[in-house]
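As structure tokens, the structure follows; a few thoughts come after it.
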DNA sequence: GTGCAGGCTTGATAATTATCAAGTCACAAG
DNA sequence: CTTGTGACTTGATAATTATCAAGCCTGCAC
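Protein chains in written order, with our numbering: chain A, 4 to 231; chain B, 4 to 231.
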């Protein structure tokens, strides 16, 4: 792995505050891998041999059961995945696939556990990251159970609005069928939901979504800091 | 707090392997509190001043938004709650209420963070517990998104069957309206779902649920170790 | 023992969402 | 430039679930 790569990894919050020796241990056995789009990185049920970190690109966590498939979440730059499975040395509960060309850092789970036990700063970073992931999942579940599909889409648009610099025209970061799956609906229903949000000033053109009246959309969506 | 109580707390897995001094620090400022049924212990949005552990009884974690309310999970003996909020010193994402008379241990969050930084065994116990909670939530979300309401109920019955000693007559641990909320449906629908499961040998009489043909129910429910 | 309240069941109807089919559009491959 | 494929949209219909109402049952309080 190049010196430049190692310095990039050092800047990830998970590693920013840990000791040099700990960092060396973690990166010594690590992989930095580029994957094409639509590649399955891990499969649910498999053992968690590596902790994964998305360096660039886009990765979807999904699950299947009895022929049904659903998107659990979508990960972007500097997101970890299967951290809980790594810590517990348990099988993955989710699969992962790249949605676009992605670079992924893979750290051997044994090294992660070894350093966790010896470096308090790393232990703290791990538990903070795990807490963040867990809380994100609670918010997601609240979104699914407390809101209608229209409300979920409206709040998703508002969230992208903020993430993309408070601009009134956002670009959907993933395909609509993946977004539909994430929001818990079929692609046909997502299409109809976008149409219905026309009543709240939302217009769609391919991957571009335009908000005509941000206050109207806010009034309908009722965003909540404990969910969004 | 009595010596007997302190010994009971010592036996909780979270504390079983930690140093004596760490344990003393944690229990010194701790509370051991009995609450009547239907009492709200914490409220979403509030700061997480204590880590809570259910010593006995039953506690429901729930959330509300725009007049809607949903049950996120139900906790029994030796379950922790708001661990992630405690670690991150962030507001609670969920509220909690007792469903029956309950005894709860409350540890000051500052003490938890203080000991976490100094006792590797406690750090490991915390992160293992957090991983367990997080993975439970992922299973819950998979259950909600991948299964119909009938399938969710069927798998719930099978899970209680195993938890109650593989007996063919189980006792629902909570009221049906709370179970309905947890499974993501209205009480009317839960009633109809129980009725529909009659086709798979399930009979209901108040809080008692009887399974006539465990294989038939298994064939319908298709339990999965990655969900249930 | 009686009355009341809360939980639950059942019926009817409305609303939401899924499914299936067909057509359109854009992009990639040849 | 042409063709084919996959994503998406739209229409029609089926299925699922929510809502509302009414009645029953059980347990608790007086």
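Note that beta-carbon positions come from the ideal geometry of N, C-alpha and C, so glycine has one too.
Query	Result
Using Cβ-Cβ distances below 7 angstroms, what residues of the region 61-74 of chain B are close to chain A?	66, 68, 69, 71 and 73
Using the C-alpha atoms, what's the distance from residue 188/A back to residue 148/B?	9 angstroms
Compute the Euclidean distance between the alpha carbons of residue 17/A and residue 90/B, then round it to the nearest angstrom.	15 angstroms
Beta carbons nearer than 8 angstroms to chain B: which residues of the region 21-34 of chain A have them?	none
What does the alpha-carbon distance come out to for the pair residue 126/A and residue 118/A?	8 angstroms
For residue 87/B, does the count of other Cβ atoms within 10 angstroms reach 16, so buried, or fall short, so exposed?	buried
Would you say residue 90/B lies against chain A (beta-carbon separation less than 7 angstroms)?	yes
Here's a check: name, in chain order, each residue in its chain whose Cβ is nearer than 7 angstroms to the Cβ of residue 199/A, leaving out the five neighbours to either side.	153
In chain order, what are the residue ranges of uninterrupted beta strand (DSSP E) at least 3 long that sit wholly in the region 190-229 of chain A?	205-208 and 211-214
Just the Cα atoms here: how many angstroms apart are residue 92/B and residue 70/B?	27 angstroms
Measuring only the C-alpha atoms, how far is residue 167/A from residue 174/A?	8 angstroms
Check the Cβ of residue 140/A against every Cβ in chain B and list those closer than 7 angstroms, keeping chain order.	137, 140, 141 and 144
So which residues of chain A does residue 227/B contact, with C-beta pairs closer than 9 angstroms?	68 and 69
Closer than 9 angstroms between beta carbons: that is the criterion. Which residues of the region 149-164 of chain A meet it against chain B?	149, 150 and 154
I need the straight-line Cα distance from residue 193/B to residue 179/B, nearest angstrom please.	8 angstroms
In angstroms with no decimal places, state the Cα-to-Cα distance between residue 39/B and residue 73/B.	21 angstroms
At a Cβ threshold of 7 angstroms, is residue 96/A touching chain B?	yes
Any beta carbon of chain A sitting closer than 7 angstroms to that of residue 10/B?	no
Check each candidate in 96/A, 144/A and 6/A and name the one with the smallest Cα separation from residue 46/A.	96/A
Measuring only between beta-carbons, confirm whether residue 126/B sits less than 7 angstroms from chain A.	yes
For residue 63/B, which of 209/B, 150/B and 177/B has the nearest alpha-carbon?	177/B
Please name the residue, chosen from 181/B, 109/B, 229/B and 143/B, that lies closest to residue 51/B on a Cα-to-Cα basis.	109/B
Interface residues of chain B around residue 48/A at Cβ under 7 angstroms?	229
So, helix, strand or coil for residue 100/B, using DSSP?	strand
Starting from residue 123/A, trace the beta strand (DSSP E) both ways and give me its first and last residue.	No beta strand (DSSP E) contains residue 123/A, which is instead part of the alpha helix (DSSP H) from 123-149.
Using the C-alpha atoms, what's the distance from residue 107/A back to residue 36/A?	5 angstroms
Give me the Cα-Cα distance between residue 222/B and residue 161/B, rounded to the nearest whole angstrom.	11 angstroms
Pull up the DSSP beta-bridge partners for residue 105/B, would you.	38/B
Please report whether the beta-carbon of residue 134/B lies at a distance below 7 angstroms from any beta-carbon of chain A.	yes
Whose C-beta lies closer than 7 angstroms to the C-beta of residue 49/B among residues of the same chain, with five residues either side of it excluded?	94 and 95
Mind checking who residue 71/A pairs with in its DSSP beta bridge?	68/A
To the nearest angstrom, how far is the alpha carbon of residue 164/A from that of residue 19/B?	47 angstroms
Any beta carbon of chain B sitting closer than 7 angstroms to that of residue 57/A?	no
Could you name the residues of chain A that residue 219/B contacts, counting a contact when the two beta carbons are closer than 7 angstroms?	The premise fails here: residue 219/B is roughly 16 angstroms from chain A at the closest Cβ pair, so nothing lies under 7 angstroms.
Looking only at its chain, what residues have a beta carbon closer than 8 angstroms to the beta carbon of residue 65/B, apart from the 5 residues adjacent to it on each side?	72, 73, 74, 75, 97, 98, 99, 100 and 184
Using the C-alpha atoms, what's the distance from residue 57/A back to residue 142/A?	21 angstroms
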